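Quick notes on the structure that follows.
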Amino acid sequence: MIKRFHHAQITIPKGKEEEARNFYCGILKLEEISKPESLVGRGGFWVQVGDQQLHIGTEEGVDRLQTKAHLAYEVENLIEMEKLLNNNGIEILESVAIPGYERFEFRDPFGNRVEFIKPI
Numbered sequence: 014m015i016k017r018f019h020h021a022q023i024t025i026p027k028g029k030e031e032e033a034r035n036f037y038c039g040i041l042k043l044e045e046i047s048k049p050e051s052l053v054g055r056g057g058f059w060v061q062v063g064d065q066q067l068h069i070g071t072e073e074g075v076d077r078l079q080t081k082a083h084l085a086y087e088v089e090n091l092i093e094m095e096k097l098l099n100n101n102g103i104e105i106l107e108s109v110a111i112p113g114y115e116r117f118e119f120r121d122p123f124g125n126r127v128e129f130i131k132p133i
């Protein structure tokens with residue numbers, strides 16, 4: 014029986030870890046957590062999201078702008094998050110309405126599709 018997600022993984026281009034830390038840890042304020050020593054040499058880093066983890070790995074040859082795959086983060090204040098992204102040059106994208114939720118989408122600096130969602 015599946016209990017829950019333990020972690021999700023996205024990828025960024027190799028060598029872009031510091032730029033990704035600036036976005037995910039600096040702007041979005043996610044806490045970086047230690048990777049097991051056996052995985053450190055693979056590049057990337059991990060962050061804590063609530064009681065789950067996001068693994069940010071490195072990968073070349075991927076056009077992240079061509080995929081609908083995404084992570085949806087539940088947020089407390091959607092307007093505050095939209096302002097934060099706008100102030101950091103991130104374009105907000107149109108989203109199809111879902112009953113019972115406010116939401117919007119954007120692409121992170123590496124092209125990964127991201128959704129911020131809040132129950133109403």
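The sequence shown begins at 14 in my numbering and counts up one residue at a time. Ideal Cβ placement from N, Cα and C applies to all residues, glycine included. Predicted model, so just to flag it, every value in this text is computed and none were measured.
Contact between Glu107 and Phe119 fails: their C-beta atoms lie close to 11 Å from each other, not under 8 Å. Rounded to whole angstroms, the gap between the alpha carbons of Gly28 and Leu98 is 23 Å. Looking at the DSSP output, Phe129 sits in a beta bridge with Tyr86 and Phe117.
Excluding the 5 residues flanking it on each side, Glu73 has same chain C-beta neighbours closer than 6 Å at Lys27, in chain order.
At the C-beta level, Trp59 and Ile40 stay beyond 7 Å of one another.
Contact check for Ile92 against Ile23 fails: the beta carbons are separated by 7 Å or more. Within the DSSP secondary-structure output, Ile46 pairs in a beta bridge with Trp59.
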